[in-house]
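Residue numbering for the sequence shown is 1 to 583, as defined by UniProt numbering. Ideal Cβ placement from N, Cα and C applies to all residues, glycine included. These numbers come from a predicted model, not from an experiment.
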Amino acid sequence: MQLINKFKKMSLKGRIAIVFAVSTFIPLLFTVVFSYFTMSSILTNKLNTTFNSNLNQIRLTLENTIDDMNYVSQQIDFSENINITLENYLKLEPSLEKTQLYDEIKNELNVITFSNPNIGLSLLYIEEDDSYVFNSHWAKDDFTLRNDPLFIKGYKIDNFGPHVSMERFNNKSVLSTVRELDINYSQNVYLYIESNLDLTKNILESDNVINETSYLILDENKKIIYSEQEKAFSINQTFNPQSNKNYGTTDGYYWFREDTERGWSIVSLISVSQYNEEINQWIIMMIYIAILFVVISLVVGLLLWKTFYKPLNQFNREVKLMGDSNFHSEIVQTSIPEFIDLTHRFRYMRKQISTLITEIEQKERNRADLEVEKLLHQINPHFLMNTLDTARWLAVSGEKDQVIHLISSLNKILYYNMGKLGQSSTLKDELDSMEQYLQLQQIRYDFTYNINIYLDDRLLNTYVPRFILQPIVENSIYHGLVDDGQIDVNIQLHNHEIMIEVKDDGRGMSREKINRILYTDQLEEKKQGMGIGLNYVKRILEKTYHKKARIEIVSTINKGTSVILYIPNGGEKSDSSIISRGR
């Protein structure tokens, strides 16, 4: 517990040193110890698996070769056509007929032997004459039918080898099969077949996966009939080590044996000295690897320390300077991508903080400016004078109800307009103020209009800046509608934004006129309506939402105008309701 508490109180420098040392040397020590104690087991399992697999493959190859030769000899011996033709051939004196029989027998023998790629030299041997016929290849002058050692003894068929091939100009080690043919002839006729594979090159050496491995072949009496280590294991010597297993040690060799169902066996040998040499090489290699690993770890640790700790100290100094209100220091100098990214993010954050401080100061300065600006965009005196003059004439003409509606609408508009700058309003209040304004203008100018409001119900209580709808509708009346028309107001959620669209079917506006309304403050525009123009809407959105809100105007001459506001909002979209009002 004390060590843990002490570790928790250590500096980052000390923690890194301890963690690096532990993570480096403990795994290394464990690896060395584990390798040392498991080395013998690993090598033994490796040898057992490798030699057993190797011996099994060699055994299968030899058995397949013997089976192929026996099968070919059986095909020839059991061929009734060959036997009859051969009997006639041997009994005839030299003649044309004998030549024809020779060709016939030769062709049939070629069909059988050449169809098997494992068959090499083949011939028919007449024992009493010590002669051979129908040889597939040229035989040596000192041809011998039975070549020691005798591999497998059978009834009328024997397998010999490994021995030197009887084929002329061929000194490779082969296996051979001698079969006595069952034909009606005064002399014994034997079929001699050799394997086409070089026993030492194609079988033993190709399957020798371990350097300097030697092989023995034992007959059914465990006598050595083939040896690659004749000094230690001579031919005809009995190989019978005192072991009930198929592996062990004898005479300075590790040996592994593979037995067959026919009684013969194959043994692979590897010297104990070579085995110990591999262990010693393994130990030496592990020592070198351990030393190299320690050196590399120390070098890497030192480089890591310098690479990591120096930029971290510089970064710490830069953070302290920012705490002292120094927002322009750049101390960290590094080429490490992670530190570069961290430094860029920190400096970006520092810049944002500095910008936010500046913006807050600027907002406080602009707040007073916005109060004055709103006063400039308040009710146009001409609008009030003309509205009151309309009320007077309606009273004179006895239109009492219209006077009441006119004064009531004007009162609500003035009350709504008296709100403080910066105090938000809801969309519901904005829509109500817009409708009061439309009712007032309808009484003044006696025009007919139809207004459709498409509204997401959940947005009714959403807070927005004051007087953002009335100037848009006013623009539709003065620059769009004629004696009658239709105004569509669509308020929906669109990609996490509130989309407010006011669309009319009036005269439309040119791009030049749109730019003049949005970006200028001409007196002619102020003299119309209440005087709170689209320029006010654009500026109040910029003041309130900065670059997160925008206004778009799309207009087509003689088809209408669409004014669209995009205001940030975090709400979710619900089913829309449609409200239609006509006048």
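Taking DSSP's pairing of strands, which residues face residue i in a bridge?
i, result
"F256", "Y247, S268"
"P568", "E497"
"I553", "V563"
"R179", "I157, L191"
"Y125", "Y132, Y190"
"E167", "A139"
"T238", "K223"
"L150", "F160"
"Y463", "T426"
I need the straight-line Cα distance from residue i to residue j, nearest angstrom please.
i, j, result
"N110", "S136", "7 Å"
"F34", "M285", "15 Å"
"Q352", "Y566", "25 Å"
"M10", "I4", "10 Å"
"P568", "Y545", "8 Å"
"G223", "R257", "The residue you asked about is not Gly; residue 223 is Lys in the sequence shown. Cα to Cα, the separation comes out at about 13 Å."
"L427", "L384", "25 Å"
"E525", "Q362", "Legend: pLDDT at E525 = 47, less than 50; position of this residue unreliable, value from coordinates given subsequently. For E525 and Q362, the distance between alpha carbons rounds to 29 Å."
"L541", "Y415", "22 Å"
"P465", "L440", "22 Å"
"D432", "L459", "14 Å"
"F315", "P337", "14 Å"
"T250", "F293", "40 Å"
"D389", "N461", "36 Å"
"L304", "Q274", "43 Å"
"K548", "L342", "27 Å"
"P94", "F151", "38 Å"
"N45", "T85", "58 Å"
"V537", "F308", "53 Å"
"I404", "T355", "53 Å"
"I217", "N83", "35 Å"
"D456", "M418", "28 Å"
"T24", "Q281", "24 Å"
"L375", "L321", "Summary for L375: the model assigns pLDDT 43, below 50, so the residue's position carries little reliability; its value from the coordinates is reported in the next sentence. Answer to the nearest angstrom: the Cα atoms are 45 Å apart."
On the criterion of 16 or more Cβ atoms from any shown chain inside 10 Å, does residue i qualify as buried, or is it exposed?
i, result
"V267", "buried"
"D198", "buried"
"T387", "buried"
"R179", "buried"
"H479", "buried"
"R511", "exposed"
"Y215", "buried"
"K231", "exposed"
"N196", "buried"
"N37", "The sequence as given places Phe at residue 37; Asn does not occur at that position. Exposed, because fewer than 16 other Cβ atoms sit within 10 Å of the Cβ of F37."
"V489", "buried"
"P311", "buried"
"T65", "buried"
"F134", "buried"
"S425", "buried"
"E359", "exposed"
For residue i, which of the options has the nearest alpha-carbon?
i, options, result
"residue 648", "P162, R146, S165", "Residue 648 cannot be examined here, being either before or after the span of the chain that is shown, 1 to 583."
"Q486", "L460, L459, Y463, I453", "I453"
"D142", "K428, S165, N159", "S165"
"F20", "V72, L298, G263, Y71", "L298"
"Q402", "N411, A391, K412", "A391"
"T213", "F51, P149, Y288", "F51"
"D129", "L90, S476, G154, D446", "L90"
"N221", "A232, Y254, K245, R262", "R262"
"E497", "Y463, I477, N83, L292", "Y463"
"T113", "L150, K153, F151, M69", "M69"
"Q470", "R59, L493, D484, E501", "E501"
"N116", "E97, D67, K106", "D67"
"R444", "N118, L394, V133", "L394"
"residue 584", "I82, F78, V319", "In the structure as shown, the chain starts at 1 and stops at 583, and residue 584 therefore has no counterpart that could be examined."
"D484", "L438, I491, Q492", "L438"
"S122", "F78, Y102, K172, L191", "L191"
"V554", "G506, K543, R317", "G506"
"V144", "G154, K153, F160", "Residue identity differs from the one stated: residue 144 is Thr in this sequence, not Val. With distances taken between Cα atoms, T144 lies closest to F160."
State the CB to CB distance for the pair residue i and residue j, rounded to an integer number of angstroms; the pair is presumed to be in contact (CB under 8 Å).
i, j, result
"L175", "P162", "6 Å"
"L72", "I193", "Per the sequence shown, the amino acid found at residue 72 is Val instead of Leu. Right, their Cβ atoms sit about 6 Å apart."
"S562", "K503", "4 Å"
"N558", "G508", "6 Å"
"E127", "N188", "5 Å"
"N535", "I517", "7 Å"
"residue 585", "M39", "Given a span of 1 to 583 for the chain in the structure shown, any question on residue 585 remains unanswerable."
"E80", "I183", "The pair is not a contact, with the Cβ atoms about 11 Å apart (cut-off 8 Å)."
"N54", "Y247", "The Cβ separation is near 12 Å, so there is no contact."
Using a Cβ cut-off of 9 Å (strictly closer), state whether residue i contacts chain D.
i, result
"F114", "No chain D is present in this structure, which holds just one protein chain."
Taking 8 Å as the cut-off, is the beta-carbon of residue i closer than that to any non-hydrogen atom of the ligand FAD?
i, result
"L55", "Among the ligands in the structure shown, none appear at all, so the ligand FAD cannot be discussed."
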